[in-house]
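Chains as they are written, first to last, in our numbering: chain D, -7 to 130; chain V, 630 to 1114.
Don't be surprised by glycine CBs; every beta carbon is placed ideally from N, CA and C.
Because the structure is a prediction, the values reported are computed rather than measured.
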């Protein structure tokens, strides 16, 4: 299960509303205790997709490398990635799955008509064929 | 010795160490040494075939090894190697279907696919999970619809509001003679379901417009453009770019065709190739210029092949390349297509962020307006009704009737009293005509003759009129024995 603290949660929702009607993306830093993950900081990252971003996002590996470094420096870990689905439910799409990585939690925020609607967290498998839903609290 | 930084989730496989040192002269050797020390890590980084997994980027110090010598990049003591995931996504595609399964019947049906290693059960399931929108069920849509249905695409949307007519049958092989007069969408759906009853068809019996395009396209993973007019082509392109959906494009004219995949993974779009439409009337449609009946089969099947490749994720997609086909020379050529950084819809400084009025953009009248106007009996100034031309002929009026069509059209049908001066030669042959004479000009439907009227009037001819509706109207209203084409 993954818990997102209030402050990072507000950062994520504000980011998703700001980029609407485009998708946003970012990194979640925090700690892992057994199966429980605790997100303490959210870092908004650039959507680097070179095309219309209404339904696509891409993270620059360099940005993730920096986020990972920042986490290590602050005694945390990079534990998840978030992105938004404008006017679309918070499912894990085929595109999401085929471009995912099994090492992290993937939080998807559904933004409907510019306002936060609901969110889900997903755990893709190593072959990128299935993503399991992860219990999410915020 | 190089140091490898281990991402948090992988530390469970390295005894909780956040970095591991391993020996090797190249990145590949270091990673092999690492996964020999920690075998459980191997599955996370390499596929069963030993290739780096698609989501793993390897950085040597601060450099992506893809831009160095890939996994043959040399390493030195003190180097740091980082494993950085490559992550992207988007809501372009719908939620993955809960469970796509193939029934015993389907396994038998698709057996010739299943035994190709590149397709297999997984590939066939991808085809079944795919949702493809076909814009148009005409020349290109016919082979596309038949073969995509047979191949096992799960859901196909059809957009068309036209009715089958006799002139379609020479190439639109999805419709048969008995279908003339039927809605194309019903006729096409029936044939496709006849081939494959497992297929789900969504019928969108409307003209695609700026108002409905996003709504219709959003439910599909791939859009295949089988349209024959510029406004719809730009509309499909723009909607695909805005929604981030690949646009599998094809076009045909007489003996030549083109195909490419636009708007795929940030690749070029139709506007990168053609920022502006040609002036109205410059590029004739199939109805105006004709088309070899077999040609849309060839081009439509190239589009179908590309669609299936994209769904399966195999081969080299026709992205950034425009394939040109010349049936007379029986040659294929390829042009490199580049993304235009100044493209108004997919470039760096976008000026188009929503769908526009494409009929205005292309300078052509709204559909619906033109046919409706043609039906009306109202004859505008400078025009003359076909029945009045007939009366003038019957009365033996002193006037000149000019046919500005091409000689091969004249052979199909003609009005015997008319003098043939093809539009392209009108300007040079003005000396054959009397500027004071009463002149009536006709063509097939009235477009080219309107241009010819303009040329004559511009040259000082005083009494020039356009025969409204051309020889098609003549056949309808004066002489039904004149064949229509």
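Relative to the C-alpha of residue i, which residue among the options is closest?
{"i": "residue 960 (chain V)", "options": "V:884, V:897, V:987 and V:938", "result": "V:884"}
{"i": "residue 875 (chain V)", "options": "D:103, D:76, D:47 and D:55", "result": "D:47"}
{"i": "residue 783 (chain V)", "options": "V:825, V:804 and V:820", "result": "V:825"}
{"i": "residue 966 (chain V)", "options": "V:832, V:896 and V:914", "result": "V:896"}
{"i": "residue 43 (chain D)", "options": "V:868, V:654 and V:747", "result": "V:868"}
{"i": "residue 83 (chain D)", "options": "D:126, D:105 and D:3", "result": "D:126"}
{"i": "residue 626 (chain V)", "options": "V:1023, V:1054, V:1029 and V:671", "result": "Here chain V has residues from 630 to 1114 only, and residue 626 (chain V) is not among them."}
{"i": "residue 50 (chain D)", "options": "V:720, V:1065 and V:1020", "result": "V:720"}
{"i": "residue 851 (chain V)", "options": "V:938, V:644, V:927 and V:924", "result": "V:938"}
{"i": "residue 683 (chain V)", "options": "D:2, D:79, D:93 and D:-7", "result": "D:93"}
{"i": "residue 944 (chain V)", "options": "V:1073, V:935, V:1079 and V:952", "result": "V:935"}
{"i": "residue 1050 (chain V)", "options": "V:1030, V:1064 and V:753", "result": "V:1030"}
{"i": "residue 90 (chain D)", "options": "V:941, V:748, V:1020 and V:1108", "result": "V:941"}
{"i": "residue 919 (chain V)", "options": "V:857, V:1105, V:893 and V:930", "result": "V:857"}
{"i": "residue 1063 (chain V)", "options": "V:662, V:1073 and V:1085", "result": "V:1085"}
{"i": "residue 1026 (chain V)", "options": "V:1018, V:1033 and V:842", "result": "V:1018"}
Please classify residue i: is it buried, with 16 or more other beta-carbons within 10 angstroms of its beta-carbon, or exposed?
{"i": "residue 744 (chain V)", "result": "exposed"}
{"i": "residue 21 (chain D)", "result": "buried"}
{"i": "residue 1001 (chain V)", "result": "In this prediction, residue 1001 (chain V) has a pLDDT of 40, which is less than 50 and means its spatial position is unreliable; what the coordinates show is noted afterwards. The residue is exposed, with fewer than 16 neighbouring Cβ atoms inside 10 Å."}
{"i": "residue 916 (chain V)", "result": "exposed"}
{"i": "residue 687 (chain V)", "result": "buried"}
{"i": "residue 1009 (chain V)", "result": "exposed"}
{"i": "residue 978 (chain V)", "result": "exposed"}
{"i": "residue 77 (chain D)", "result": "buried"}
{"i": "residue 771 (chain V)", "result": "buried"}
{"i": "residue 889 (chain V)", "result": "buried"}
{"i": "residue 854 (chain V)", "result": "buried"}
{"i": "residue 1060 (chain V)", "result": "exposed"}
{"i": "residue 909 (chain V)", "result": "exposed"}
{"i": "residue 997 (chain V)", "result": "For residue 997 (chain V), the predicted structure reports a pLDDT of 48, less than 50, and the residue's modelled location is therefore unreliable. The matter cannot be settled from this model."}
{"i": "residue 11 (chain D)", "result": "buried"}
{"i": "residue 1037 (chain V)", "result": "exposed"}
{"i": "residue 802 (chain V)", "result": "buried"}
{"i": "residue 75 (chain D)", "result": "buried"}
{"i": "residue 760 (chain V)", "result": "buried"}
{"i": "residue -2 (chain D)", "result": "exposed"}
{"i": "residue 633 (chain V)", "result": "buried"}
{"i": "residue 647 (chain V)", "result": "exposed"}
{"i": "residue 1073 (chain V)", "result": "buried"}
{"i": "residue 1108 (chain V)", "result": "exposed"}
{"i": "residue 702 (chain V)", "result": "buried"}
{"i": "residue 15 (chain D)", "result": "buried"}
{"i": "residue 999 (chain V)", "result": "Confidence at residue 999 (chain V) is low in this model, with a pLDDT of 44, below 50, so its placement is unreliable and no value can be given for it."}
{"i": "residue 1004 (chain V)", "result": "With a pLDDT of 41 at residue 1004 (chain V), under the threshold of 50, the predicted position of this residue should be treated as unreliable, though the coordinate-derived value follows. It is exposed - the Cβ of residue 1004 (chain V) has fewer than 16 other Cβ atoms within 10 Å."}
Run through chain D and tell me which residues come within less than 7 Å of residue i, C-beta to C-beta.
{"i": "residue 711 (chain V)", "result": "57"}
{"i": "residue 686 (chain V)", "result": "53"}
{"i": "residue 895 (chain V)", "result": "41, 42 and 43"}
Listing by chain order, which chain V residues have their CB less than 9 Å from the CB of residue i?
{"i": "residue 60 (chain D)", "result": "634, 636, 637, 711 and 713"}
What does residue i reach in chain D if we use C-beta pairs closer than 9 Å?
{"i": "residue 892 (chain V)", "result": "43 and 44"}
{"i": "residue 693 (chain V)", "result": "53 and 54"}
{"i": "residue 975 (chain V)", "result": "42, 43 and 44"}
What does residue i reach in chain V if we use C-beta pairs closer than 7 Å?
{"i": "residue 109 (chain D)", "result": "Residues of chain V passing the Cβ test: none, with the nearest at roughly 13 Å."}
{"i": "residue 95 (chain D)", "result": "636, 638, 639 and 714"}
{"i": "residue 140 (chain D)", "result": "Here chain D covers residues -7 to 130 and nothing more, so residue 140 (chain D) does not appear."}
What does residue i touch in chain D if you count any residue whose Cβ is under 8 Å from its own?
{"i": "residue 872 (chain V)", "result": "44, 46 and 47"}
{"i": "residue 717 (chain V)", "result": "41, 48, 49, 50, 51, 87 and 91"}
Quick one: which chain V residues come within Cβ less than 8 Å of residue i?
{"i": "residue 70 (chain D)", "result": "636 and 637"}
{"i": "residue 118 (chain D)", "result": "672, 673 and 682"}
{"i": "residue 80 (chain D)", "result": "720"}
Under 6 Å from any heavy atom of the ligand MG, does the C-beta of residue i make it?
{"i": "residue 850 (chain V)", "result": "In the structure on display, the ligand MG does not appear, and there are no ligands present to speak of."}
Chain D contacts from the segment 663 to 676 of chain V (Cβ-Cβ distance under 8 Å): 672 and 673
Residue ranges of each beta strand (DSSP E) within the segment 65 to 90 of chain D, 3 or longer: 69 to 78
Positions along the segment 20 to 49 of chain D whose CB lies within less than 8 Å of some CB in chain V: 24, 41, 42, 43, 44, 45, 46, 47, 48 and 49
Ranges of the alpha helix (DSSP H) found wholly within the segment 952 to 999 of chain V, counting only runs of at least 4: 987 to 991
Any beta strand (DSSP E) of 3 or more consecutive residues that is wholly inside the segment 846 to 927 of chain V: 851 to 854, 876 to 882 and 885 to 891
Segments of 3+ residues assigned as beta strand (DSSP E) that fall wholly inside the segment 0 to 25 of chain D: 17 to 25
Sequence ranges, beta strand (DSSP E) only - wholly within the segment 1066 to 1091 of chain V, length at least 3: 1067 to 1071
Interface residues of the segment 1 to 17 of chain D facing chain V [CB-CB below 7 Å]: 15
Minimum length 3: unbroken beta strand (DSSP E) runs contained in the segment 643 to 713 of chain V: 648 to 651 and 685 to 689
Those runs of the beta strand (DSSP E) which lie wholly inside the segment 88 to 116 of chain D and span at least 3 residues: 97 to 104 and 107 to 116
3-residue-minimum beta strand (DSSP E) runs that sit fully inside the segment 746 to 810 of chain V, ordered along the chain: 760 to 764 and 784 to 788
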